[in-house]
Structures are given as C-alpha cells and as structure tokens.
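The structure appears below as structure tokens.
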Ligand code: AMP
Ligand code: MG
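In this note's numbering, the protein residues as written are -7 to 390.
Below is the structure:
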C-alpha cells in the first residue's frame, strides 16, 4: 500500500509526454501546443476605422476649420487611394481601411450632416483619433503564443486571427475501458434481479469527452481470468487502459493477476485513501493500466486523482493545481485513512468569498454520492477534526 502523494509521484515518474501531431485548428481544442507561434503580419494589417464616421486631415483641424466636404465613401474590405484635397473628408465604415492622409475620425453621431457638407465637433484631438493604426495590437513576427499552452477558446481565438489553420499539438492517448464483473450489464439491457448497470463506462466516457478523447475500445468482461486476458489483448493498441472493478480482495478479483500474466509491471496496488483503496496502476513499454475499484464514486475519485494525471502528462499538460478553500461547518474523520468527500462550492455573498460545503452520502456504494456536487474535498488524516473556516484542498469535476 502506498500513500496518496507517493502514488502521484509514481505516476509522474512512469508516464512520459507523447509525440506531436499536426491538427487543423478546428480539432485542436483540449490539446497542448507543441510549437511557438509568430504573427504572419501586422494586426491590424492597415489603419483601421474603429467607428463609423467622417475622417479628415489632422493638420486641418489645427486651423480650427470644422466644415468639410465629403468626397468619398469607404466600406470595409475596400482598398481606396484618395488624394486629399483641402477641407475634404471621407465617410468611413467601421473596419474599413483609412487612407493615409486622413488621420482623424469623428463618429457619425458627433457630426452634423447636411448633404455633402459635414460639420465635425469643435475642439482638438490627437492624431489617429478613433483609428487603430497598423500593427497597434501585434507586429509581424511577434511571438503570440508559446509551445506548451493549452488550446482553450482564448488561445484558439488568437491563433485563428494569426492565420494558424493547422497547429502542432501533443498527441492524445488511445483509451480503452474494461468494465469487469459478472453482475455488470450494458445500459441498453434490462438488468436481471442480481445484475447492475454499467455506470462506470459512462462516467469515464464523459470525463474523457471533456478532454476531447473518444474511447477506442469498450468491453464488459466477466470475472474470469481467460476473459480478462483476452480483453487485455484486445486493448493492446491503447496507451491508457482503465478497468473498473475486480481489483479488491474478493476471490474473483482477477484484474491484477490477469495483468501480471500479460507481462504488465505492477507499480502500485492499494492506496491509503478512502474511497478507492484497492486502486491498481501498472505499465509496460507502451501502455498504462489503471484498475479502479468498481463503485461509481470510487471510479470518479480514482479517475480525477490518478488517471487524469497520467492523461495530462501524456498530453503535455501541467499537473492540475487543487483549489484551496475554507470549509463551511465542521467535519470529523473516523478511521485511519485520508478521505475524499463530495462538496458543493458556494459563494458567500456577505463576505464575497467562496466556501466548501461537504455533502452527505451513504458510503462508496452510493451512486448518488457525487450528485449535485461540484467536486471533491480532501480530509487529511493529519487533521481529523476540521473546524469551520479551515482550509481544505478541492478538485472540481469540470
Ligand atoms: P468491485 O470493485 O468489483 O468489488 O465492485 C464494487 C462494487 O461496485 C460492486 O457492488 C459492483 O457491483 C459495483 N460496480 C462494479 N462495476 C460497476 C460498474 N461498471 N457500474 C456500476 N457499478 C459497478
Ligand atoms: Mg467486481
């Protein structure tokens, strides 16, 4: 049996980053980039109108002339070369390219329009007023993002503007899920009197979908050594194989044994925690094998703590930092293991702070344990009696 931190360290030392692949930007969400990106041009690429209005020459404004004659109209996407004549103005739409001599732009709402005669507001203003000058935001060849960044919507917005239609990212792993147990039936079947629906596949599948990972191989396997061995064979193309059930001390808990037969090296079996103590992790040259105890809440905790850590490492993500927040109310730990418990995080509007509310459940066999929770809180064995306001670490589901 290993301590929780020891188990995390063992995963960190055994899992290494995948190679990179080139992806279209539209499919890159959730990946980590593996290249620095430089801007291919100035942005804006031209002096761009920030408002709809009339542009004049700044030097004429200094002569206190407020009446101008409109000589042209310029729309977005139009390239116009206009030679400036005295006391002239051009009407310009937002997003259009402003001709170089016209370098002050007044909002249409602030001007008086009488046919082609335009009166602009009195008073001085800076050159390029209401004009976003070329390269104001980004200069050609500026570094706009670095290798190792997470493709979230914020980064994708920037990459799309920089014309990055394909991006080098770190490959995601192929994943197999093997739900074990003679009692387990797929969701589509009507369970017999002593059968249980396969909840765990759906829980894990959803966690993986949140990372843009689709499950390559899903099997339900009986508690029989030969069946388990053939399930292990069928999943050999995956880098992550997740078993649920079959890792405890029952006489039919064959997963560790089947993995040993398949030549998988056990890295740890059993972690000093609650729920999920019988958790298993092993590996061979190509793949990482996780055996999560079968109860749905144990599966959720085991996935978030260990499987997700390994997937993040394969995909080049930094290890997630736990949130540290004050507890609401008291909590007492019985037994000799640290415990993860479901929590709701709420905003105390009087103090403007977040607090963590423990949710009650009926043990690890309670499939509703995590229902309505935002994540899990950690009750460390070193502090069995937690008081209101004590800081605790939390991991959010999303
Ligand atoms: P095990 O870890 O195999 O001893 O299973 C522990 C408990 O989890 C048992 O009550 C199982 O019926 C339940 N269980 C195991 N696998 C699943 C599953 N895929 N979906 C829902 N419950 C499960
Ligand atoms: Mg079982």
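All C-beta atoms in this analysis are idealised placements derived from N, C-alpha and C, irrespective of residue type, glycine included.
Check, Outcome
"Of the choices 341, 326, 155, whose alpha-carbon is the least far from that of residue 375?", "326"
"Terminal residues of the continuous alpha helix (DSSP H) containing residue 201?", "191 to 201"
"Considering only the beta carbon of each residue, do residue 44 and residue 100 sit closer than 8 Å?", "yes"
"Less than 7 Å separating the Cβ of residue 239 from some heavy atom of the ligand AMP?", "yes"
"Among the candidates 385, 28, -6, 386, whose CA atom is the shortest distance from the CA of residue 158?", "28"
"Would residue 54 be called buried (16 or more neighbouring beta carbons within 10 Å of its own) or exposed?", "exposed"
"Buried or exposed, going by whether 16 or more other CB atoms sit within 10 Å of the CB of residue 24?", "buried"
"Using the Cβ count rule (16 or more neighbours within 10 Å means buried), how would you classify residue 8?", "exposed"
"Leaving out five residues before and five after residue 83 in sequence, what residues of the same chain have Cβ atoms less than 6 Å from its Cβ?", "46, 62, 65"
"Should residue 36 and residue 148 be called a contact, given that it needs their Cβ atoms to be closer than 8 Å?", "no"
"Counting along the chain, where does the alpha helix (DSSP H) carrying residue 294 start and finish?", "288 to 294"
"Cβ of residue 10 versus every heavy atom of the ligand AMP: is any distance shorter than 7 Å?", "no"
"For the structure I just gave you, are there three or more beta carbon pairs, one from the stretch 280 to 290 and one from the stretch 353 to 360, closer than 8 Å?", "yes"
"Between the C-alpha atoms of residue 360 and residue 207, what's the straight-line distance to the nearest angstrom?", "24 Å"
"When the Cα atoms are used, what is the spatial distance from residue 285 to residue 163?", "28 Å"
"If we define contact as Cβ-Cβ less than 8 Å, is residue 191 a contact residue for chain B?", "Absence of chain B from the displayed structure is noted, only one protein chain being present."
"Taking only three categories from DSSP, how would you classify residue 343?", "coil"
"With residue 148 as the anchor, note down where its alpha helix (DSSP H) starts and where it stops.", "145 to 153"
"Any chance you could list the alpha helix (DSSP H) runs of at least 4 consecutive residues sitting entirely within the stretch -3 to 67, in chain order?", "50 to 53"
"If I'm right that residue 247 touches residue 272 with Cβ under 8 Å, what's the distance once you round it to whole angstroms?", "7 Å"
"State the CB to CB distance for the pair residue 171 and residue 212, rounded to an integer number of angstroms; the pair is presumed to be in contact (CB under 8 Å).", "5 Å"
"Assess contact between the stretch 67 to 77 and the stretch 86 to 94, defined as three or more Cβ pairs (one per stretch) separated by less than 8 Å. Is contact present?", "yes"
"Where does the unbroken beta strand (DSSP E) through residue 392 begin, and where does it stop?", "With the chain covering -7 to 390 only, the question about residue 392 has no answer from this structure."
"Specify, as a first and last residue, the run of the beta strand (DSSP E) that residue 301 falls within.", "First-last for residue 301: 300 to 306, but that is the alpha helix (DSSP H), not the beta strand (DSSP E)."
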